[in-house]
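**Student:**
Residue numbers (UniProt numbering): 1 to 629.
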């Protein structure tokens, strides 16, 4: 690496020296006949090295114009957009050193990404204002950079306006009318008006109304709408309300952010008459888009559009949930109204219909018992991934989250096995994994995650916490055969289980053994079981089985009637009906063993209480793993 001496920059070192040529502005009629002087267009003389150095030195800013492009900058210097050459260390130093502020808007500058819209003016501070507000005699940029000679020097003012000393265009009667209309007060300059000097601090004031001089076919420019402004299409000049303008002029009405015009966006002056009155800029309501689960249409003045992107006062939004989805609030209020920037009702959320048996179920006769296909659309079958053997049941509570028993996915020590060992299926009625009879309804997915409670240790802790959450990779599609079961998130029905009535019956479905020591069922079976109090259950359980009645267990079933859950039913859901919907209340966990070694169909079954794990275990997983539409 080659080291060099330190250096500094001086303004006259910033470009290659120019020779004076005929026709340029150098030393023409400048005092002292200094050959290096530069003559401003106003007649003022400045030093040559003050031309094109980024700083406005001429009163009319003629030393810093696009004409600077005719000079070449040395390679190590920074070149302003209009051509001036400045010290490269001044780029992005937080203050404008180029007349056009281009040294603070390069890609190297921290705020360079903060760009303004095409119809906006960027202040030196980075603030964006309407382009029509530039050079109108009023300070609109907080730093005042919209009203400087550097910004306004080349403004062309129409004949019916007055040009301020620094270049701004104001109302034509501004000169010497006793009111300061130019920001620099030049319209009330004592040397022009020969009156008492104007106060040094400009005071904003409305110009005096003057009767406009109308030419044939002219229109009077209207007032700007509240919360918006109009602009003349095809013109960069600044026009004021009340000014006459020729026929054929087109105004474009732009509302401020968060507002939308209620009326025509373009109006035309035609033979002295505007094609329409300027409408109001009304507040827009928050955007509402249709989703895969909810369709929204908006109606305004009998015009219907999909989605609601620019809804204003009086717009009606109508919502419709997709098939197998619902929002109970929409039944009472399916239409929402936009008023003063907000909707009169909360945004609906269409969620999967839960706990409903299929209304188009097909009835089959199996061994003389009516079994209804589609009665349990939340039923899940848990298979081994490799051999496709059904090992447990489960219940779908969302399109990706399944509840089952912890002992279905753990070893004898309560340690969780690999998720890659399992495959889940929904929409199944027949036990075999690839049974062609339900191939059109069944859906399959491997697992993304598995969770069990911290306290679960298997038989070591008497199967306390025998509940598990499975998260699928695939988001299941809802259908007549695939729908979630309801979860009583607010525990509204929990008290009914602590003191069940004689009519408190629950239902369990599964592919378990249909009789002691026989083969498992080939079709999905259901079992109707009464809820049993903790005390009654504790009194009637076999003595060596009482330890498994932990405080997170529910008891249900019959004594000495030959019906009970059995091997293969584990992980299935115990559901109770409330207000025409089925809510999952328990998870099939344990049943006493018969003397012959199989299931004891003469005893109660034990179920893990879902209520005990809603807040501390289930809710978190449902919130983290949303369906992916």
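All C-beta atoms in this analysis are idealised placements derived from N, C-alpha and C, irrespective of residue type, glycine included. Quick caveat: nothing in here was measured; it's all calculated off a predicted structure.
Is residue 506 near residue 585, with beta carbons less than 8 Å apart?
**Tutor:** As a working mapping, residue 506 is identified with position 506 in the chain shown. As a working mapping, residue 585 is identified with position 585 in the chain shown. Their beta carbons are under 8 Å apart, which means residue 506 touches residue 585 by this criterion.
**Student:** Between the Cα of residue 571 and the Cα atoms of 259, 405 and 193, which residue gives the shortest distance?
**Tutor:** Here the question's residue 571 lines up with position 571 in the chain shown. Answer by Cα proximity: 405.
**Student:** By a C-beta neighbour count over all protein chains shown, 10 Å radius and 16 as the cutoff for buried, is residue 170 buried or exposed?
**Tutor:** What you label residue 170 is simply residue 170 of the chain shown in a count that begins at 1. Looking at its Cβ environment, which holds 16 or more other Cβ atoms inside 10 Å, residue 170 is buried.
**Student:** Taking C-alpha atoms, which residue in 184, 178 and 122 lies nearest to residue 193?
**Tutor:** Position 193 of the chain shown, counting from 1, holds the residue named residue 193. Checking every option, the nearest Cα to that of residue 193 belongs to 178.
**Student:** When you compare the CB positions of residue 632 and residue 550, do they come within less than 8 Å of one another, or not?
**Tutor:** With the chain running from 1 to 629 in the structure shown, residue 632 is simply not present.
**Student:** Does the distance from the C-beta atom of residue 319 to that of residue 348 stay below 8 Å?
**Tutor:** Taking the chain shown and counting its residues from 1, one reaches residue 319 at position 319. Taking the chain shown and counting its residues from 1, one reaches residue 348 at position 348. Their beta carbons are under 8 Å apart, which means residue 319 touches residue 348 by this criterion.
**Student:** For residue 569, count neighbouring Cβ atoms within 10 angstroms of its own Cβ and tell me buried if that reaches 16, exposed if not.
**Tutor:** Sequence index remark: in the chain shown, residue 569 carries index 569 (1-based). Buried, since its Cβ has 16 or more Cβ neighbours within 10 Å.
**Student:** Who pairs with residue 294 in a beta bridge, going by DSSP?
**Tutor:** The sequence position of residue 294 within the chain shown is 294, counting from 1. Bridge partners of residue 294: 291 and 321.
**Student:** Suppose contacts are defined by Cβ-Cβ distances below 8 Å. Is residue 278 in contact with residue 258 by that definition?
**Tutor:** Numbered from its first residue, the chain shown carries residue 278 at position 278. Numbered from its first residue, the chain shown carries residue 258 at position 258. No, these two residues do not count as a Cβ contact at 8 Å.
**Student:** Mind checking which residues open and close the alpha helix (DSSP H) that includes residue 536?
**Tutor:** Taking the first residue of the chain shown as 1, we reach residue 536 at position 536. Looking at the DSSP string, the run of the alpha helix (DSSP H) that includes residue 536 is 534 to 540.
**Student:** Flag this pair as touching only if the stretch 229 to 246 and the stretch 286 to 294 have three or more C-beta atom pairs under 8 Å; answer yes or no.
**Tutor:** As far as the Cβ criterion goes, the stretch 229 to 246 does not touch the stretch 286 to 294, which means the pair count is below three.
**Student:** Would you call the stretch 439 to 447 in contact with the stretch 415 to 430, where contact means no fewer than 3 C-beta pairs closer than 8 Å?
**Tutor:** At 8 Å Cβ cutoff, the stretches touch.
**Student:** Excluding sequence positions up to five away, which residues of its chain have a Cβ less than 6 Å from the Cβ of residue 553?
**Tutor:** Here residue 553 corresponds to residue number 553 of the chain shown, with the count starting at 1. Result list for residue 553: 606, in chain order.
**Student:** Under the three-state reduction of DSSP, which class applies to residue 66: helix, strand or coil?
**Tutor:** Walking along the chain shown from the start, residue 66 turns up at place 66. Of the three classes helix, strand and coil, the one that applies to residue 66 here is helix, per DSSP.
**Student:** Grouping DSSP H, G and I as helix and E and B as strand, with all else coil, what is residue 361?
**Tutor:** Here residue 361 refers to the residue found at position 361 when the chain shown is read from its first residue. Any reading at residue 361 must be qualified, since the residue scores a pLDDT of 33, below 50, and its modelled position is unreliable; no value is offered.
**Student:** Around the C-beta of residue 624, are 16 or more other C-beta atoms found within 10 angstroms, so that it is buried, or is it exposed?
**Tutor:** Sequence index remark: in the chain shown, residue 624 carries index 624 (1-based). Exposed.
**Student:** Out of 315, 309, 284 and 310, which has the shortest C-alpha to C-alpha gap to residue 299?
**Tutor:** On the chain shown, residue 299 is found 299 positions in, with the first residue counted as 1. Nearest of 315, 309, 284 and 310 to residue 299, Cα basis: 315.
**Student:** What does the alpha-carbon distance come out to for the pair residue 473 and residue 89?
**Tutor:** Residue numbering aside, residue 473 sits at position 473 when the chain shown is read from its first letter. Residue numbering aside, residue 89 sits at position 89 when the chain shown is read from its first letter. Roughly 55 Å separates the two Cα atoms.
**Student:** Based on Cα-Cα distance, which residue from 269, 335 and 312 lies nearest to residue 707?
**Tutor:** The chain is shown only over 1 to 629; residue 707 falls outside these bounds and no answer can be derived.
**Student:** Tell me the rounded alpha-carbon separation between residue 63 and residue 185.
**Tutor:** The residue given as residue 63 occupies position 63 in the chain shown. The residue given as residue 185 occupies position 185 in the chain shown. Straight-line Cα distance between these residues: approximately 23 Å.
**Student:** Could you tell me which residues DSSP pairs with residue 507 in its beta bridges?
**Tutor:** The residue labelled residue 507 in the question sits at position 507 within the chain shown. Looking at the DSSP assignment, residue 507 forms a beta bridge with 528 and 575.
**Student:** Report the three-state DSSP secondary structure of residue 254 (helix, strand or coil).
**Tutor:** The residue labelled residue 254 in the question sits at position 254 within the chain shown. It is a strand residue.
**Student:** Decide if the stretch 606 to 618 is in contact with the stretch 371 to 387; the criterion is three or more beta carbon pairs, one per stretch, under 8 Å apart.
**Tutor:** Segments in contact, no.
**Student:** Around the Cβ of residue 439, are there at least 16 other Cβ atoms within 10 angstroms (buried) or fewer (exposed)?
**Tutor:** Taking the first residue of the chain shown as 1, we reach residue 439 at position 439. Looking at its Cβ environment, which holds fewer than 16 other Cβ atoms inside 10 Å, residue 439 is exposed.
**Student:** Does the stretch 69 to 77 come close enough to the stretch 145 to 159 to have 3 or more Cβ pairs within less than 8 Å?
**Tutor:** They do not touch, by the three-pair rule.
**Student:** Would you report the Cα separation of residue 409 and residue 295, rounded to the nearest angstrom?
**Tutor:** The residue given as residue 409 occupies position 409 in the chain shown. The residue given as residue 295 occupies position 295 in the chain shown. So the alpha carbons of these two residues sit roughly 40 Å apart.
**Student:** What number of angstroms, rounded off, separates the C-alpha of residue 486 from the C-alpha of residue 422?
**Tutor:** Within the chain shown, residue 486 is the residue found at index 486, counting from 1. Within the chain shown, residue 422 is the residue found at index 422, counting from 1. Residue 486 and residue 422: Cα-Cα distance of roughly 25 Å.
**Student:** Counting along the chain, where does the beta strand (DSSP E) carrying residue 622 start and finish?
**Tutor:** As a working mapping, residue 622 is identified with position 622 in the chain shown. First-last for residue 622: 619 to 624, but that is the alpha helix (DSSP H), not the beta strand (DSSP E).
**Student:** Could you give the distance in angstroms between the alpha-carbon of residue 622 and the alpha-carbon of residue 464?
**Tutor:** One-based indexing of the chain shown puts residue 622 at position 622. One-based indexing of the chain shown puts residue 464 at position 464. Each residue's alpha carbon lies about 22 Å from the other.
**Student:** Once DSSP output is grouped into helix, strand and coil, what is the label at residue 284?
**Tutor:** Counting from one through the chain shown, the residue named residue 284 turns up at place 284. In this structure, residue 284 counts as coil in the three-state DSSP scheme.
**Student:** Would you report the Cα separation of residue 326 and residue 491, rounded to the nearest angstrom?
**Tutor:** Taking the first residue of the chain shown as 1, we reach residue 326 at position 326. Taking the first residue of the chain shown as 1, we reach residue 491 at position 491. Their backbone Cα atoms lie some 21 Å apart in a straight line.
**Student:** Would you mind listing the beta strand (DSSP E) stretches within the UniProt domain "Sushi" (217 to 283) that are 3+ residues and don't spill past its ends, in chain order?
**Tutor:** The UniProt domain "Sushi" (217 to 283) contains these whole beta strand (DSSP E) runs: 228 to 232, 250 to 255, 259 to 262, 266 to 270 and 280 to 283.
**Student:** So, does the CB of residue 273 fall closer than 8 Å to a CB anywhere in chain C?
**Tutor:** Checking the listed chains, one finds no chain C in this structure; it contains a single protein chain.
**Student:** I need the boundaries of the beta strand (DSSP E) containing residue 45, first residue and last residue.
**Tutor:** Position 45 of the chain shown, counting from 1, holds the residue named residue 45. Where residue 45 is concerned, the enclosing beta strand (DSSP E) stretches over 45 to 47.
**Student:** Can you list, in chain order, the stretches of the beta strand (DSSP E) that have 3 or more residues and sit fully within the stretch 442 to 474?
**Tutor:** Correct list: 443 to 445, 447 to 451 and 468 to 472.
**Student:** Let me check understanding here. Comparing Cα to Cα, which of 392, 511 and 140 lies closest to residue 128?
**Tutor:** Here residue 128 is taken as the residue at index 128 of the chain shown, counted from 1. Ranking 392, 511 and 140 by Cα distance to residue 128 puts 140 first.
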